[in-house]
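Number of protein chains: 2
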Amino acid sequence: MDSTLAAYSIKREGYDIIGVHFSYGQRTQQKELRSFHAICDDLHVLQRHTLQLDFFKDIGASALTDRNITVPTGGIESGVPVTYVPFRNGIFLSIAAAIAEKEGAEVLGIGVVEEDSSGYPDCTETFIDSMTQSINAGTKEDTILRIATPLIHLKKEAIVLKALQYHVPLHLTWSCYQNERLACGVCDSCRLRLKGFALADTSDPIPYETVT
Amino acid sequence: MDSTLAAYSIKREGYDIIGVHFSYGQRTQQKELRSFHAICDDLHVLQRHTLQLDFFKDIGASALTDRNITVPTGGIESGVPVTYVPFRNGIFLSIAAAIAEKEGAEVLGIGVVEEDSSGYPDCTETFIDSMTQSINAGTKEDTILRIATPLIHLKKEAIVLKALQYHVPLHLTWSCYQNERLACGVCDSCRLRLKGFALADTSDPIPYETVT
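Chains R and P supply the protein sequences, listed in that same order. In terms of this note's numbering, the first sequence opens at residue -13 and continues consecutively. In terms of this note's numbering, the second sequence opens at residue -13 and continues consecutively.
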């Protein structure tokens, strides 16, 4: 939902979108890849990069990529959760920067949310600002990239409301950390999503196994 | 040669080494992987990560990863050469940061050389300093990483002399951009290496096809 709204927001600013999808061994990677293509179709994205990042499984250390670590379903706790994938967004942005440099793109878009989120360190404005600097320092002089984070300071209900306003196909998006057919409704990602829909006083079009 | 000296330098500071090797579709990846293991054996590195980064081939845009772009052999020119792989060291350091965070490592070592090199933007101290900040901002609060760049301000001859002083097994290292059996002797990487040995007034133990 967040990445999708980011893409629609950036498209509304007048940019053509190059879609980038990462399969990094996350539990729901096949569902997410299908969602990616369906959303790209809706957004008329012609150029798509679907990258297979198998090495994340070797690194492991996260409930999303290591099947021996259980995805927590008891509610959001403070601190960095076990679903944190070490420096994931740093890796994603670095790879996206390489694609952007090759394609002559101007903006990298990412749907990070700072406050109303799971508490991942790689979703903060401090990190994004520093990463912008690193990318511009480490690429060619005439490669000048901005990282657009249209959701970074939004609450989850504002994300839902803006997605509705921008006609984002929410039924095509997927947030659940563990299931591909029916969203579990109880992992942190489902809980945050459902909280957004509840506070926005509207219903989520995707199917759930359990709604708490 | 540069990565190897970096590893030996950091080992001498008293650190245990975790070896990380990237096969990213570079022309000499099999030779480099064999060299990696032989060097790790010599350095008694027990923990080794060998990562397959196939997505670099999809990105292409470099003579190292795209077989349709010829590796230049006419001598080093000013500017960023066609062997530049977009944001390669940014991607490498991001992945290494994830491994370091998982393993609780303190230092990321990289053999970048700023002045006496091919002119890649991702080999500069400005980039490394910024990347250090990004990695620390985008990882957990108790993950504190330093990037060690023991070669960054060395000239090529100083690299050769220090490697000899530290008993680096130079015969196991490989620098050529295009060949795996006999180093070509004429690509930028061979030229820089050979210049270092010549100025250090010693001979390179690896076999060459051509020595200019």
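Note that CB positions come from ideal geometry on N, CA and C, so glycine has one too. Given the structure is predicted, the values throughout are model-derived calculations rather than measurements.
query: Give the residues of chain P in contact with R:H139, contact being defined as C-beta atoms less than 8 Å apart.; result: Per Cβ cutoff of 8 Å: no residues; R:H139 is ~17 Å from chain P at best.
query: Does R:D(-12) have its Cβ less than 8 Å from a Cβ in chain P?; result: no
query: When you compare each of R:Y163, R:R179, R:K88 and R:I192 to R:A49 by their alpha carbons, which one comes out closest?; result: R:Y163
query: In this structure, what does DSSP give as the bridge partners for R:I133?; result: R:L94
query: Out of curiosity, what's the CA-to-CA distance linking R:C170 and P:S116?; result: 40 Å
query: Helix or strand or just coil, what does DSSP make of R:Y194?; result: strand
query: P:E166 to P:A149, Cα distance in whole Å?; result: 22 Å
query: What does the Cβ neighbour count give for P:Q151, buried or exposed, with the cut at 16 atoms within 10 Å?; result: exposed
query: Check whether the Cβ of P:K43 lies closer than 8 Å to any Cβ atom in chain R.; result: no
query: Determine whether the Cβ of P:V6 lies closer than 8 Å to any Cβ atom of chain R.; result: no
query: Please work out which residues of its chain come closer than 7 Å, Cβ to Cβ, to R:L108, disregarding the five sequence neighbours upstream and downstream, and give them in chain order.; result: Here residue 108 of chain R turns out to be Asp, not Leu, going by the sequence shown. If we look at R:D108 and ignore the five residues flanking it on each side, its Cβ neighbours are F73, R74, N75 and G76.
query: Report all residues from its chain with a CB closer than 7 Å to the CB of P:Y194; omit the five preceding and five following residues, and keep chain order.; result: L168, A169 and G171
query: Check the C-beta distance from P:S21 over to P:I62 and give it rounded, since I have them as a contact under 8 Å.; result: The Cβ separation is near 23 Å, so there is no contact.
query: Let me check one thing: in DSSP terms, what residues is R:L19 bridge-paired to?; result: Per DSSP, none; premise fails for R:L19.
query: So what does DSSP say about R:H157, is it helix, strand or coil?; result: helix
query: Over what stretch of residues does the beta strand (DSSP E) that includes P:V146 continue unbroken?; result: No beta strand (DSSP E) contains P:V146, which is instead part of the alpha helix (DSSP H) from K142 to Q151.
query: For the alpha helix (DSSP H) that R:T118 lies in, which residues bound it at each end?; result: E111 to G124
query: With a threshold of 16 other CB atoms inside 10 Å of the CB of P:D190, please say whether the residue is buried or exposed.; result: buried
query: Let me confirm a value: R:G97 is counted as buried when at least 16 other C-beta atoms fall within 10 Å, else exposed. Which label applies?; result: buried
query: Could you have a look at P:I3 and say whether DSSP puts it in helix, strand or coil?; result: coil
query: Does R:V6 pass the burial test, meaning 16 or more other C-beta atoms within 10 Å, or should it be called exposed?; result: buried
query: Can you check whether the C-beta of R:F22 is within less than 8 Å of a C-beta belonging to chain P?; result: no
query: Tell me which residues share the same chain as R:K181 and place their Cβ nearer than 7 Å to its Cβ, disregarding the 5 neighbours each side in the sequence.; result: K142
query: In chain order, what residues of the same chain lie with their CB nearer than 7 Å to the CB of P:I3, ignoring the 5 residues before and after it?; result: A(-7), I(-4), K(-3), L29 and V31
query: Straight-line CA distance for R:T112 to P:T(-10)?; result: 34 Å
query: Can you pull the chain P residues whose beta carbon is under 7 Å from the beta carbon of R:N75, in chain order?; result: G124
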